[in-house]
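Protein chains in written order, with the working numbering: chain A, 5 to 1305; chain B, 99 to 161.
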């Protein structure tokens, strides 16, 4: 008779099944026995003990486990000349993979070193033994050898205990709640190396410890070490627990251990004592819940699969320093293999002295890395234990010198760009180097004119280039580099004052303008610079960053490979030349022999125009500022623009990409182009780290260092080192880190488990707006130059809409000064001019007298809320959003308000989406006031979008308005979807509890057929027959016919329900139909679904803005309808929304089409139920109908969540099914789905659903359902389930109990 | 080991002085400390864990 596997065994059985033949689950130990040993007596003792350990003799299949005798297992007896030789034999043996289905699960050897020394070696598969089991076996063998009595506990009792616990005796649920609660908000565990799959190979390093280490101290030291290496404020460690105390397994050699996560917050002010105290308390707190399997917890937390981790390094403190006596001989235990290592495991034990084994997954760590970590850990432990009360910050400073991330060596040598460009010109002289508006410059032509330019600037060390984007500018830049000089780009559009300031500070030898080349008295400087770029510094004055030719060569060598740039690429030159993104575009392209396509200002008319131009020009690589890319994505996702077909790579950078836009990008582009998110300050030569953004990643990482770049995280701050670093500022070098030049970026980062960096924000006050790094001090200095300003503080704000803006808080000298904007415009680039001004008598200050910037940031400067006053209102709202400004009037000039090219694009992009028509940017240039723009906007219908989007569709056209519907007695209601499962109940309820006549559109050939369909629908659910004359069947298809007529209320319930169909295919039935029905102008009751809720801790009873959780077409369409209903409500239409959970049948009836019943049916046929740990709200259909009718008659408006019952746990509901007499053992979901594929068509379809699902839906938060609180609802329980099942058998959905399938 | 020595040894391990009948597992005697006790007393881990009080342990070592 097969017994089920315990969950602990199942975890290992599954793991082994997934990697057949892998020896990774072998555990091995030997006992080093010194002294005379009677080998025969030993073998007899060993056979007795092994024979008494049933777990070692179990064989496993998917039916369960059977314990049987392992016949004639061998005791290997051999001799070895040394312990090393013996260990080599053991390591070889550990490569043998036990056959779980046939056994044996173990191997035994007695290796003779000499007559006074034997090594007794055991290898046991982890499914049969954990570390404690090894110790029990060793101890019993020693006792038996020595003639001492002893016995093991009952293995059957262990299995029973596990079955009780796993069967849900209440403790499991309690333990689950504990762990899920403990892990709420848990960060991804910081790791010391990128997460890698578990490999069969483990590196081990063993080291002696000076003293015994209590477990909490070992854990605390590991937490401190991780913190020091990663900068993480919280680490999550794995703690192996033996699970024996108070358990039937106390004296049973078997597999019972578990690993629990241990969260340890670490801050620099912590001490070893404080951390150890926290750890000890945490361990103690969790101990009653140690039985809850980590495999379950992983699933509860959605951490299954891929490289997702529940915990980082594992810290195991083994107490097995037991003293084994074999007669007169004494034995000490040595572990050879402790089983699989996911990341890193530190095992502290006592083997004739305290020692530590560091085991590392060889797929994640090299041997050298392991050694470095082991040394680091040991030295940290030593320093911390020397004074357990010193703050960690005092000890770890020297440790953080360790480079956390290394981009690795360059794969090609760093060659000066001048050489590379010349080489390209030699190799392909006729290839096109630069192209603009149909004109082309070949490589030979470029080189020739660049050399001519080089001659003109010969002898110069710094050449200022103030030219617009064009052939001349590119030629001058390349020529300067060919001349061995550095270029200093200046924007011809800058205010004169800024240009003069920079020229005075940088003192170039040459100034190149459209007017010609002008020699100037220059400053002497270091040779070998490539360019100087000005960025805003922290002192209130822009700083010139001097980049060496070697750094540029380094960057080009590193980035070309990572970006995958090829000679046949056509790269758009988008960035202004004074931004270092232009360096990337120009030099990567020309050094690769590709074509640089210069953009024109005309291309910036709109996103659509730019993308169309790129399509026409055959651009293959787009390098865009992230802020602009956000607009591109918006346009792509609303279907107003399409990605050019030849674009294969899009590179973004300059500020943090919004996760929402990244998700939209993936949805819109569907993998047709790579998206590279780059990060890099000018000081590190354009780009330091790169991440390819892939679908499904909830974060937006900035990735890993480019080859040749190294990064350290020091107290959470990113520090960059390596060959890509600039020389320094013109007037000051960078600092150094651990003895080498290093640039402290001021950016806060975190290293994610997979080794990717995540950008968390700025450390200082620096703020970025439209890609410009804004230093408040620079703006404040400029403000103070105005005579009317006494004090000024400028802070950056990020509005809820994501708009970033600068707010100037000004203390005037007298009256509130006017003209501040104009004043600043003469001094500063437009992007850094604040868009909002707040006048105040005093600025808030901290106790130390500094301006309290956080208080200022928190000061709400409200954007005036605007009602819907027509097009002008729409335009003003969009302007305020985009400019982050307040109080804009219809007469204000957009460009005087600070609007620039990016903002222009944002405005036309958003207006196009809001109005559903194309808005060219020229219109805004020609009509720069809101009043004029609104008047000039073209009339016309919505543009036909190629890809309909639920967001774009969710705009209510102006013709939907409330209508005075004449009252009739009795009233007539319109009910859609009346033949559906919910609709039939609604119809019945309306007929029973009102006197209204109900008009029901039904897809049918004629009225009698329609009526017949309605009658059938009611009969199918056991509802009363239709009364004569009260139901008006309308043979009509809602997606085709537009209904007209006077109805006193509309109940819109019809919808296509499918979790697999795309939005576009459901749009007509689920969204357009809603819009058409809203046009009736009658009080509107909309039946919706709780699935529209955004993921989060709760589901409020209110409308939700669009969110990324709207993943499938069905929820998107329901959301879009809700949004239309909401907007209609705002226009004065009486509207209400009723959201249902999974619709359950009325007592004794089921909806056979519902997923739950499809699972039940498929499960019964397959003889197993899936392990579905999911709780969801269920709404009984009769309750839903009653609630809708009751609430609508009470004048309900707004959103109503109809979820009157506690969430139903699917596992429990399926258990009720099984308890009703179906033999349905629980099997893992994937195994269950596999079984279904061999079933009938219906089962296969259910399997296909699970195959298509992208994973379990996120758990739904607490559903607020206060508005329907008074309406009674019977519970759904075991009894309900029994009656549901009886119905299923009566209707033939399910076979009779016990019927073989 | 005398009862008094046992009491002070266990007290040191736990950081507090247990009473004779206190459940030592409840007081923070985890498996690792229990192993240390088993080693020190030359007693069986499982025997100690089955009856985790000072009184029971005293009886156990007196045999």
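Each residue gets a CB set at the ideal place from its N, CA and C atoms; glycine is no exception.
### Query
Which of the residues in the region 136-154 of chain B, read from start to end, lie with their CB under 7 Å from any CB of chain A?
137, 144, 147, 148
### Query
Using a Cβ-Cβ distance under 7 Å, would residue 123/B count as near chain C?
Given the protein chain composition of this structure (A and B), no chain C is represented.
### Query
If you draw a straight line from the C-alpha of residue 208/A to the C-alpha of residue 1280/A, how long is it?
Residue 208/A sits at position 204 when you count from the first residue of the first chain. Residue 1280/A sits at position 1276 when you count from the first residue of the first chain. Computed Cα separation, rounded: 55 Å.
### Task
Would you grab the beta carbon distance between residue 917/A and residue 956/A for me? Rounded to a whole angstrom, and I think it's under 8 Å.
Along the first chain, read from residue 1 onward, the residue named residue 917/A stands at position 913. Along the first chain, read from residue 1 onward, the residue named residue 956/A stands at position 952. Going by Cβ atoms, the distance from residue 917/A to residue 956/A rounds to 6 Å, so yes, they are a contact pair.
### Task
Pull out every residue of the region 287-320 of chain A whose Cβ sits closer than 9 Å to any Cβ of chain B, in chain order.
287, 288, 291
### Query
How many Å lie between residue 895/A and residue 750/A at the Cα?
Along the first chain, read from residue 1 onward, the residue named residue 895/A stands at position 891. Along the first chain, read from residue 1 onward, the residue named residue 750/A stands at position 746. Distance between the alpha carbons of residue 895/A and residue 750/A is about 41 Å.
### Message
Between residue 100/B and residue 246/A, how many whole angstroms is the CB-CB distance? I'm expecting something under 8 Å.
### Response
Sequence index remark: in the second chain, residue 100/B carries index 2 (1-based). Sequence index remark: in the first chain, residue 246/A carries index 242 (1-based). The pair is not a contact, with the Cβ atoms about 30 Å apart (cut-off 8 Å).
### Task
Counting only runs of 3+ residues fully inside the region 508-572 of chain A, write out the beta strand (DSSP E) ranges in chain order.
514-517, 520-523, 533-540, 546-552
### Query
Do you know offhand how far residue 56/A's Cα is from residue 73/A's?
Stepping through the first chain from its first residue, residue 56/A is reached at position 52. Stepping through the first chain from its first residue, residue 73/A is reached at position 69. Going by the C-alpha atoms only, they are around 10 Å apart.
### Task
Answer with yes or no whether the minimum CB distance from residue 276/A to chain B is below 7 Å.
Working through the first chain from its first residue, we reach residue 276/A at position 272. Chain B contact via Cβ: absent.
### Message
Please report the distance separating the alpha-carbon of residue 802/A from that of residue 887/A.
### Response
On the first chain, residue 802/A is found 798 positions in, with the first residue counted as 1. On the first chain, residue 887/A is found 883 positions in, with the first residue counted as 1. Their Cα atoms are separated by approximately 12 Å.
### Task
State the start and end residues of the unbroken beta strand (DSSP E) segment that holds residue 69/A.
As a first step, residue 69/A must be located in the first chain, where it is residue number 65. Per DSSP, residue 69/A belongs to the beta strand (DSSP E) from 68-71.
### Task
With DSSP as the reference, label residue 706/A as helix, strand or coil.
Working through the first chain from its first residue, we reach residue 706/A at position 702. Coil, per DSSP.
### Query
Quick one: what does DSSP say residue 210/A is sitting in, helix, strand or coil?
Indexing the first chain from 1 puts residue 210/A at position 206. Residue 210/A: strand per DSSP, three-state reduction.
### Task
Give the straight-line distance between the Cα atoms of residue 1108/A and residue 954/A, rounded to the nearest whole angstrom.
Along the first chain, read from residue 1 onward, the residue named residue 1108/A stands at position 1104. Along the first chain, read from residue 1 onward, the residue named residue 954/A stands at position 950. Rounded to the nearest angstrom, the two C-alpha atoms are 13 Å apart.
### Message
Using a 10 Å radius around the Cβ and a threshold of 16 neighbouring Cβ atoms, would you call residue 1087/A buried or exposed?
### Response
By one-based count along the first chain, residue 1087/A stands at place 1083. Residue 1087/A should be labelled buried.
### Query
Looking only at its own chain, which residues have a Cβ that is under 8 Å from the Cβ of residue 268/A, when we skip the five neighbours before and after it?
Counting from one through the first chain, the residue named residue 268/A turns up at place 264. Answer for residue 268/A: 223, 224, 227, 238, 239, 240, 241, 279, 282, 283, 286, listed in chain order.
#### Entry: Cross-strand partners of residue 1147/A (DSSP beta bridge)
Translated into the one-based positions of the first chain, residue 1147/A becomes position 1143. Note: residue 1147/A sits in a beta bridge opposite 1183/A.
### Query
Among all the DSSP beta bridges, which residues are the ones paired with residue 664/A?
For the purposes of this step, residue 664/A is identified with residue 660 of the first chain, where counting begins at 1. DSSP output for residue 664/A lists no bridge partner at all.
### Message
Quick check: is the beta carbon of residue 109/B nearer than 7 Å to any beta carbon in chain A?
### Response
Counting from one through the second chain, the residue named residue 109/B turns up at place 11. By this cut-off, residue 109/B is not an interface position.
### Task
Alpha carbon to alpha carbon, how far is residue 527/A from residue 609/A? Give it in angstroms, no decimals.
Residue numbering aside, residue 609/A sits at position 605 when the first chain is read from its first letter. Residue numbering aside, residue 527/A sits at position 523 when the first chain is read from its first letter. Approximately 42 Å between the Cα atoms of the pair.
### Partners in chain A for residue 119/B, counting only beta-carbon separations shorter than 9 Å
Sequence index remark: in the second chain, residue 119/B carries index 21 (1-based). The premise fails here: residue 119/B is roughly 17 Å from chain A at the closest Cβ pair, so nothing lies under 9 Å.
### Task
Pull up the distance between the alpha-carbon of residue 1186/A and that of residue 1114/A, whole angstroms please.
On the first chain, position 1182 is the one that residue 1186/A refers to. On the first chain, position 1110 is the one that residue 1114/A refers to. Approximately 28 Å between the Cα atoms of the pair.
### Message
So with CB distances below 7 Å, who are the chain A contacts of residue 100/B?
### Response
Locating residue 100/B in the second chain gives position 2, counting from the first residue. Going along chain A, no residue has its Cβ under 7 Å from residue 100/B, so there is no contact; the nearest lies around 21 Å.
#### Entry: 7 Å Cβ cutoff, residue 249/A in contact with chain B
Here residue 249/A refers to the residue found at position 245 when the first chain is read from its first residue. Yes, residue 249/A lies at the interface with chain B (some Cβ there is under 7 Å from its Cβ).
### Query
How many angstroms separate the CA atom of residue 1028/A from the CA atom of residue 1068/A?
Mapped onto the first chain, residue 1028/A falls at position 1024. Mapped onto the first chain, residue 1068/A falls at position 1064. If I take the Cα positions, the gap works out to 38 Å.
### Query
Would a C-beta distance cut-off of 7 Å place residue 593/A and residue 611/A closer than the cut-off?
What you label residue 593/A is simply residue 589 of the first chain in a count that begins at 1. What you label residue 611/A is simply residue 607 of the first chain in a count that begins at 1. Cβ atoms of residue 593/A and residue 611/A: not closer than 7 Å.
### Task
Check the C-beta distance from residue 1021/A over to residue 980/A and give it rounded, since I have them as a contact under 8 Å.
Here residue 1021/A corresponds to residue number 1017 of the first chain, with the count starting at 1. Here residue 980/A corresponds to residue number 976 of the first chain, with the count starting at 1. Rounded, the Cβ-Cβ distance is 13 Å, inconsistent with contact.
#### Entry: Contacts of residue 327/A in chain B (Cβ-Cβ under 7 Å)
Taking the first chain and counting its residues from 1, one reaches residue 327/A at position 323. Under the 7 Å cutoff, chain B gives 137.
### Task
Jot down the residue ranges of each uninterrupted beta strand (DSSP E) in the region 1166-1227 of chain A, minimum 3 residues, whole runs only, in chain order.
1182-1184, 1202-1206
### Query
Do the region 1045-1062 of chain A and the region 1071-1089 of chain A meet, that is, are 3 or more Cβ pairs less than 8 Å apart?
yes
### Query
Per DSSP, residue 34/A forms a beta bridge with which residues?
The residue given as residue 34/A occupies position 30 in the first chain. Residue 34/A pairs with 125/A, 338/A.
### Task
Please list the residues of the region 254-273 of chain A that have a C-beta atom closer than 9 Å to any C-beta atom in chain B, keeping them in chain order.
254, 255
### Task
Would you kindly check if the distance between the Cβ of residue 727/A and the Cβ of residue 689/A is under 7 Å?
Taking the first residue of the first chain as position 1, residue 689/A is located at position 685. Taking the first residue of the first chain as position 1, residue 727/A is located at position 723. No. Outside cutoff.
### Message
Residues in the same chain with beta-carbon distance under 8 Å from residue 737/A, minus the five sequence neighbours each way, listed in chain order, please.
### Response
Within the first chain, residue 737/A is the residue found at index 733, counting from 1. Cβ neighbours of residue 737/A beyond the five flanking positions: 731, 745.
### Task
Let me know the secondary structure DSSP gives residue 730/A once reduced to three states.
Residue mapping note: residue 730/A aligns to position 726 of the first chain, counting from 1. Looking at residue 730/A - three-state DSSP - the assignment turns out to be coil, as it is neither helix nor strand.
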